[in-house]
């Protein structure tokens, strides 16, 4: 009987943890094409997560793009250390920024990733809520073709969790930090799943 009650409790707890991550590619293709001779530059990730999670994001992104490009991916730190580029790159680069990269480096693609915690009403909220509360976050990846100086890929992964008035928030209610990481990993999974190698 105790096992039965435990499994019911576990099921309810896990159900309260589940929330979908929705994806939006806008007008762009789901697939990124990875050619052996093309080089990828991964910009610093703009995010509000803690430093530990920020390092994980950078490491996981670089590892994925290096695997898919046969080692032809560099993050900004590596590119600067190797004197491959000199300056920082904006997160919404203008034509001039891409032209500078085109003329002064041999990179073919620029990858920008950023995340945002839109609402954090449920962070640090446990127990019965006296008003409607919501956590909402998203992660975004944009890829630019440096040769044509155009955006060729855009993917937004977003999620939300809410608790109505008089409902309970528990220790299993996801925080915006957890949601941000799940959204971010959803970006990488989509890139890996839809990658085209030639």
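In my numbering, the protein residues as written are 675 to 872. Don't be surprised by glycine CBs; every beta carbon is placed ideally from N, CA and C.
Euclidean distance between Cα positions of residue i and residue j
{"i": "residue 791", "j": "residue 835", "result": "12 Å"}
{"i": "residue 752", "j": "residue 838", "result": "47 Å"}
{"i": "residue 693", "j": "residue 833", "result": "7 Å"}
{"i": "residue 866", "j": "residue 807", "result": "34 Å"}
{"i": "residue 683", "j": "residue 804", "result": "With a pLDDT of 47 at residue 683, under the threshold of 50, the predicted position of this residue should be treated as unreliable, and no value is reported."}
{"i": "residue 812", "j": "residue 864", "result": "15 Å"}
{"i": "residue 775", "j": "residue 744", "result": "22 Å"}
{"i": "residue 725", "j": "residue 773", "result": "32 Å"}
{"i": "residue 861", "j": "residue 824", "result": "20 Å"}
Beta carbon of residue i nearer than 8 Å to that of residue j
{"i": "residue 705", "j": "residue 869", "result": "yes"}
{"i": "residue 695", "j": "residue 856", "result": "yes"}
{"i": "residue 778", "j": "residue 794", "result": "no"}
{"i": "residue 739", "j": "residue 871", "result": "no"}
{"i": "residue 755", "j": "residue 796", "result": "no"}
{"i": "residue 697", "j": "residue 831", "result": "yes"}
{"i": "residue 721", "j": "residue 788", "result": "yes"}
Counterpart residues of residue i in DSSP-defined beta bridges
{"i": "residue 812", "result": "790, 832"}
{"i": "residue 865", "result": "Answer is none; residue 865 lacks a bridge partner."}
Nearest to residue i (by Cα), restricted to the options the options
{"i": "residue 758", "options": "856, 770, 831, 780", "result": "780"}
{"i": "residue 750", "options": "744, 724, 742, 735", "result": "735"}
{"i": "residue 713", "options": "863, 821, 789", "result": "821"}
{"i": "residue 702", "options": "845, 725, 829", "result": "829"}
- Message: Measuring CB atoms only, is the stretch 705-720 touching the stretch 778-793, in the sense that at least three cross pairs come out at less than 8 Å?
- Response: yes
- the stretch 754-767 touching the stretch 790-807, judged by at least three CB pairs closer than 8 Å: Segments in contact, no.
- Item | Stretch pair the stretch 843-863 + the stretch 816-825: three plus CB contacts closer than 8 Å | no
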